[in-house]
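**Q** Counting along the sequence shown from 1, when you hit position 90 you're at 102 in my numbering, and nothing is skipped either side. One structure follows; several queries about it will come next.
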Amino acid sequence: MPRPALEVADIFRSHGAAWRKANAGHVSLGQLKAMAAIEACRTAELGGHVARCEDCAHTVISYNSCGNRHCPKCQGAAARQWLSEREAELLPLPYYHVVFTLPAAIGPIAWQNKAPVYGLLFKAASEAMLTIAADPKHLGARIGMTAVLHTWGSALTHHPHVHMIVPGGGLSLNGQHFIPCRRRFFLPVRVLSRLFRRLFLERLAAAYEQGRLILEGGLARLTSPATFAAVLKPLRRINWFVYAKRPFAGSS
C-alpha cells in the first residue's frame, strides 16, 4: 500500500505546538505524551539502524517506531488482530448499528470532564440497551454489544457519541434458548432515548453533587447548584438522539 501524502504525524509536527497552546488545560498528560510520540515516530529523534549492501554500498536508514498504542503507523497490526478477534466472535445473524449521542448543551461540561462524562455516556447507553432488551414487552432477552466512543463528528467539532454493534437477538432470560428480534427491527428508539436521557442526567447530577465535576472558566457559573439545575432542566424535556440503523447485510 503506498504511503499517504499526508500523515497524522505531519499535521502534529506542523500544527501541534499551536494546538496545544490554544487548548492548554484541556489536554491530558497522556494525550500530550501520545502527540509527542507520534511526532517523533520513525525520525532520527528515536534513533534507528542502517542497512548497507555489501556489493554496491547502497545504504538505507530505518528510524525506530514509537510503539505508542495511539500511533496510526505503529498500531496497524494490532488493529488488524483486534478486528480478527472480534470477527471470530460474530454470530450468523443480522447486526444492528445503534448510536447514542449527547445533546450539544452537555458538550462544554464533557470537554472539561472527559473521563467522568464519557464514562457516564457508556454506562447510560449500555444500561438503556440492556434494560429495554430484557423487557418482555420488547425483546425479553439478554443481549451482547460492542461499543466504541467517538468524541468528534464528521465536521471535526466536539460531538460525544457512542456507536454500538448489536446482534439481532439474545438469550432468553432463563438462558435456555435464543430469541431473535423482529425482522429489520431491533428495539424502539424512542423508548431507548427516554431511558438513556433519564439515566445519564441522574448520574450527571449525582456526579455534580459528589463534587466530581470540574467547572472552570466559562462554566464557573455552574458551581451554583441552582444554575446547574436550571441548565439541566430543559434537557429533561427535549428528545435525545438515539438512532438504530438498518441491519448490515450479514455478520461479516
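Ideal Cβ positions, reconstructed from N, Cα and C, are used throughout, including at glycine.
#1: Look at the Cβ atom of Ala140, then the Cβ atom of Ile155, and state whether they are nearer than 7 Å.
#2: Provide the residue span of the alpha helix (DSSP H) that contains Trp94, from first to last.
#3: Just to confirm, is the Cβ distance from Ala69 to Pro128 under 7 Å?
#4: Looking at chain C, is there any beta carbon in it that lies within less than 7 Å of the beta carbon of Ile118?
#5: Just to confirm the assignment, what range does the alpha helix (DSSP H) spanning Ala30 have?
#6: From this set, Gly223, Ile121, His173, which residue's C-alpha is nearest Phe134's C-alpha?
#7: Below 6 Å, is the gap between the Cβ of Phe112 and the nearest heavy atom of the ligand ATP?
#8: In its own chain, which residues sit with a C-beta less than 7 Å from the C-beta of Asn125, not counting the 5 before and 5 after it?
#9: Can you tell me whether Leu103 is buried or exposed, with buried defined as 16 or more other CB within 10 angstroms of its CB?
#10: When DSSP labels each residue in this structure, what does Pro246 get in the three-state scheme?
#11: State buried or exposed for Phe197, treating a residue as buried only when at least 16 other CB atoms are found within 10 Å of its CB.
#12: Just to confirm before moving on: does the CB-CB distance between Ser77 and Arg98 stay below 7 Å?
#13: For a test of the three-state rule: what should DSSP assign to Ser205, helix, strand or coil?
#14: Which term fits Ile23, buried or exposed, when burial requires 16 or more other beta carbons within 10 angstroms of its beta carbon?
#15: Looking at Ala136: is its Cβ nearer than 7 Å to the Cβ of Leu211?
#16: Between Val243 and His175, how many whole angstroms is the CB-CB distance? I'm expecting something under 8 Å.
#17: May I ask you to verify whether the segment 38–52 touches the segment 75–89, counting CB pairs closer than 8 Å and requiring at least 3?
#18: With 16 as the cutoff for other CB atoms within 10 Å, does Arg92 come out buried or exposed?
#19: DSSP on Ala63, reduced to helix/strand/coil?
#20: Find the nearest neighbour of Ser236 within the set Ile250, Asn251, Ala217, Val254, judged by alpha-carbon distance.
#21: Would you report the Cα separation of Ala232 and Leu185, rounded to the nearest angstrom?
#22: In whole angstroms, what is the alpha-carbon distance linking Glu19 and His170?
**A** In short, the structure shows the following:
#1: No, they are not a contact pair.
#2: Going by DSSP, Trp94 is part of the alpha helix (DSSP H) stretching over 88–101.
#3: The answer is no: Cβ separation not under 7 Å.
#4: No chain C appears in the structure shown, which is made up of a single protein chain.
#5: 20–34
#6: Measuring from the Cα of Phe134, the nearest candidate turns out to be His173.
#7: This structure simply doesn't include the ligand ATP, nor any ligand for that matter.
#8: Leu225, Ile226
#9: Around the C-beta of Leu103, fewer than 16 other C-beta atoms lie within 10 Å, and the residue is accordingly described as exposed.
#10: helix
#11: exposed
#12: No, the Cβ-Cβ distance between Ser77 and Arg98 is not below 7 Å.
#13: helix
#14: exposed
#15: yes
#16: Beta-carbon to beta-carbon, Val243 and His175 are separated by about 27 Å, too far to satisfy the 8 Å threshold.
#17: yes
#18: exposed
#19: strand
#20: When only C-alpha atoms are compared, the closest one is Ala217.
#21: 46 Å
#22: 21 Å
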